[in-house]
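Following: one structure in structure tokens, then a few remarks.
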Amino acid sequence: MKSIRTASMLIALIMIFLLPILSGCSYKGIDKRSFVVGIGVDPGEEPGKKFKVTLKIAKPISSLKAVTANEYAYLTHESDSVAEAIRYLDTKADKVLDFSQAKILALNPDLLSQELFDLMDYFVRRGDIQLLLYVLAAKPSAEEVLRVQPTLEAAGENSLYNYFDETGTESPFVTTTFLFEFRRDYDTKGLSTVLPIVNGVDGKNFTVNHGLVLKDGEEPVELNLLETKLYNSLKKNASGFGYQINNKGYKFTLTFDRIKMKTKFLLKPGEKPRVLVKIKAVGVVNESNKVLQLNKLNYYNKISEEEITEQVKNLFEDLQEKNVDPFGFGLKYRATRLHTDRVLDDSKAIYSELEFDVKVVIQLKSVGALQ
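The end of the sequence shown is residue 365 by this note's numbering, with every number in the run present.
Written out as structure tokens, the structure is:
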């Protein structure tokens, strides 16, 4: 016991003598940091320059009561690579560029028709950039979207965050895609990734109501309002969304509390490949052009099922025709088959010939507060 105590005291003395020669910590205080809140990448405008990188930097605010609007600084540079552009932008700031608070990665749609692995590689490899970064397609350009300052934006916040973090607006037309999802889905065979499209309107407001489907080797496919809403409901299992039903003389709006989709492949020798898609939705009627009777709920369920079945089947067939697969039918086929050298080629061939057998079951709980 005495020898152990002596050894401990000896180690402690050695550490005390070593303290003066240890190097100082490289940590820099907040006052020596410039916090980047958004990154934008556009095609280069100068000859020979591939990328134009824009950084949105939050200016320090001493007191929220002292300001009435947010103030940001913007740094822009063009280069052959994103890494080189950001390295050059370090020379334009008197403080360390800190990316730990960056939540927006805005990409110009013109870049999304190109090969994206090199572009994504930089953001994924940087340890100080969060993989929970929101990735979006920015129109008319990434720089213009980053420079938008909405009139209702309060000091100390970034309005663009509220569209994607589910603490602000809740819209059926908004798709949230994180950086890790973007990289994973884009690189996954049998699955296409979807980015939200953000339009900067007159530099004062955002419009977020369309999605953009991306697949390596294919042209991006823009989803319209209905297609974007269906994708968010069926793939993201989102609820609370309204659907317009116009069938057999009835025009009413349904709001679904729960919606779920299941798929199953039906492959028989000598027959075309089929996939059974079962969709179950539970909701209520919010608006109608006619007086609805509670005892006719089954009839309203039926005409609603017919309408939504047609909408969903049209969406699947349109995406199939354009050779993109945001619902991951090809991935589902690969995951449910024994892995062989041919399974990837088989999944591609089957998806191009796949027939969609869509079955929608709707359960309306009521016809609204009138009944």
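From the three backbone atoms N, C-alpha and C, an ideal C-beta is built for every residue, glycine too. Just so we're clear, the structure is a prediction, and the values are computed from it rather than from any experiment.
Check: Burial state of L332 (16 or more Cβ within 10 Å); Outcome: exposed
Check: V352 versus I302, E39, E281, residue with shortest Cα-Cα distance; Outcome: I302
Check: Residue from K266, F246, M255, G264 with nearest C-alpha to V278; Outcome: F246
Check: T334 versus A343: straight-line alpha-carbon distance, rounded; Outcome: 15 Å
Check: CB of Y219 within 8 Å of CB of F167, strictly; Outcome: A small fix is needed here, since residue 219 is Leu in this sequence, not Tyr. Cβ distance < 8 Å, so L219 and F167 count as in contact.
Check: Segment contact, 8 Å Cβ cut-off, at least three pairs: the stretch 210 to 218 with the stretch 253 to 261; Outcome: no
Check: Contact the stretch 290 to 304 vs the stretch 178 to 197: 3+ CB pairs below 8 Å; Outcome: no
Check: The stretch 100 to 109 contacting the stretch 67 to 84, beta-carbon criterion three pairs below 8 Å; Outcome: no
Check: Minimum length 4: unbroken alpha helix (DSSP H) runs contained in the stretch 136 to 210; Outcome: 136 to 140, 153 to 156, 173 to 180
Check: Where the beta strand (DSSP E) containing K274 begins and where it ends; Outcome: 268 to 282
Check: Per-residue burial, A131 [other beta carbons within 10 Å of its own, 16 or more giving buried]; Outcome: buried
Check: First through last residue of the alpha helix (DSSP H) which encompasses N295; Outcome: 291 to 315
Check: Whole-number beta carbon distance between T48 and E137, since they are thought to touch under 8 Å; Outcome: 4 Å
Check: Residue span of the alpha helix (DSSP H) that contains F343, given as start and end; Outcome: Note that residue 343 corresponds to Ala in the displayed sequence, not to Phe. Residues 337 to 347.
Check: Supposed close pair E221, L309 - CB separation, criterion 8 Å; Outcome: 5 Å
Check: N-terminal and C-terminal residue of the beta strand (DSSP E) that S227 is part of; Outcome: Not the beta strand (DSSP E): S227 falls in the alpha helix (DSSP H), residues 219 to 229.
Check: Residue burial classification, S107 (beta-carbon count within 10 angstroms, cutoff 16); Outcome: exposed
Check: Y327 burial status per 10 Å Cβ neighbour count (16 or more: buried); Outcome: buried
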